[in-house]
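Its first residue numbered 8, the sequence shown is counted upward by one per residue in my numbering.
Beta carbons: idealized from backbone N, C-alpha and C, even for Gly.
These numbers come from a predicted model, not from an experiment.
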Amino acid sequence: MKPTKKTNTKNEDFELNDSSFLPKEEFLHKYNNNIICLTDSKGYAQPNDKDLFEIRLDSSNGFIPLWEKGVTLNWRFSKSFGSYFAKPEAAKTGVRKLFGEAILAWQDACPIKFHEDNDAWDFEIAMHQKNCNNNGCVLASAFFPDPGQNIFYIYPTMFEQNHQEQIETIEHEIGHIFGLRHFFANISEREWSSELFGTDSAFSIMNYGDKSRLTADDIKDLKILYELVWSGKLTEINGTEIKLFKSYHMSSSLSNSSFQLSNAVNSKGLHELLLESNFISSAFELSDDVSLLVKRAILNVKGNNSTDPATLLDGLELVANLLYAGNDFILLAVKLNKLITDKSKKITVAEMKKCTTVGDCVTLVNIKL
């Protein structure tokens, strides 16, 4: 990410067997004197004398893609990743550490969580053929928010950089995963007030050359952006709609859970299903402890003696909406469970129907407790 490539003490963990990987022709987008980024293929080679705001967002598909609140991206190494290294496991460990440091650098502005999962994956980390020409070399390429499965490519040249430059490269590509474009990528024909996008600063991890560095403004502005979007205060930018996505595994799991629920309801009925100890955990892939808390909370909220399928279905839909909020959801389930012992603070159906997000539900529960 610096203007000149630094000499690096070779890390044996990243010693390659061969740099001749499968080729892939792409538009080359240069952001350093010798570094190229492929992720953002629709940026501009020059800032065209435009005023620069720190946050630039992708809108190449006619909308601005960002992540829903509570999203986790599951990732894995591609099946062929280890074959390119003399020490496959050491290389994987090294890449895990690089990703960890890069993610931590974004601090609490990270709008999503990352989790390694070899089965239910949203993106793979894969090696790519070395790609250098007169313009420079590609180090890595990522993707923008979408509900599909993607690939995060690492190029051999990245391992020729020093440790800090490797981290900065991944910080930059993670910025793309968050939805950010290059610093001077054009998002509209007219400017948008700078307070929505951050400090008018020339330095940004999404910028080019010696001005490419992760700053406090990057972190602050990204955090504000997602807070505005998630609160519903920001729904479009310069007339371009903001569209929020779940990750692939979250979307597909919810779809599968709905299918399982529909089939199970037809055969047994909702009330009976709620009383089965393993139904919620199997349908929604929760641990037994958490599913028990959820089941008890639903039965309490909706009424232990309720046999109205529509009412009980509301409870299950609430669970489906909250399943992938991580620790927030588990905490909510625990708090809901506490309400069982105090009937005077019981949440009504009407109140629960207003609870459409984890934040809303946590607020409601805190008021009741």
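Inset, instruction - Return yes when the Cβ of residue 89 is within less than 9 Å of the Cβ of residue 98, no when it is not. - result: Cβ distance < 9 Å, so residue 98 and residue 89 count as in contact.
Inset, instruction - Check the DSSP bridge columns for residue 183 and list the partner residues they point to. - result: Answer is none; residue 183 lacks a bridge partner.
Inset, instruction - Tell me where the beta strand (DSSP E) around residue 160 begins and ends. - result: 157–161
Legend entry - Selected residue, minimal CA-CA separation from residue 139, among 114, 112, 122 and 167: Residue 167 is the option with its Cα nearest to residue 139.
Inset, instruction - Classify residue 145 as helix, strand or coil using the three-state DSSP reduction. - result: strand
Inset, instruction - State the Cα-Cα distance for the pair residue 82 and residue 181, rounded to the nearest angstrom. - result: 13 Å
Inset, instruction - Measure the CB-CB distance between residue 162 and residue 137 and report whether it falls below 9 Å. - result: yes
Legend entry - Cβ-based neighbour list, residue 250, same chain, cut-off 6 Å, excluding 5 preceding and 5 following: Only 70 and 72 meet the Cβ criterion.
Legend entry - Contact check, residue 226 vs residue 153, beta carbons under 9 Å: no
Legend entry - Cβ-based burial, residue 173 [other Cβ within 10 Å; buried from 16]: buried
Inset, instruction - Would you list the one or two residues that DSSP bridges to residue 257? - result: BP columns for residue 257 are empty, so no partner.
Inset, instruction - Along the beta strand (DSSP E) that carries residue 237, what are the first and last residues, could you check? - result: Looking at the DSSP string, residue 237 is not in any beta strand (DSSP E); the run it does join, the alpha helix (DSSP H), is 223–237.
Legend entry - CA nearest to the CA of residue 117, picked from 244, 229 and 238: 229
Legend entry - Supposed close pair residue 147, residue 165 - CB separation, criterion 8 Å: 6 Å
Legend entry - Which of helix, strand or coil DSSP assigns to residue 135: coil
Inset, instruction - Hey, could you find the ends of the alpha helix (DSSP H) residue 100 is sitting in? - result: 95–112
Inset, instruction - Could you work out which residue in 243, 129 and 142 is closest to residue 149 when comparing CA atoms only? - result: 129
Legend entry - Bounding residues of the beta strand (DSSP E) (the contiguous stretch that carries residue 128): No beta strand (DSSP E) holds residue 128; DSSP gives it neither H nor E.
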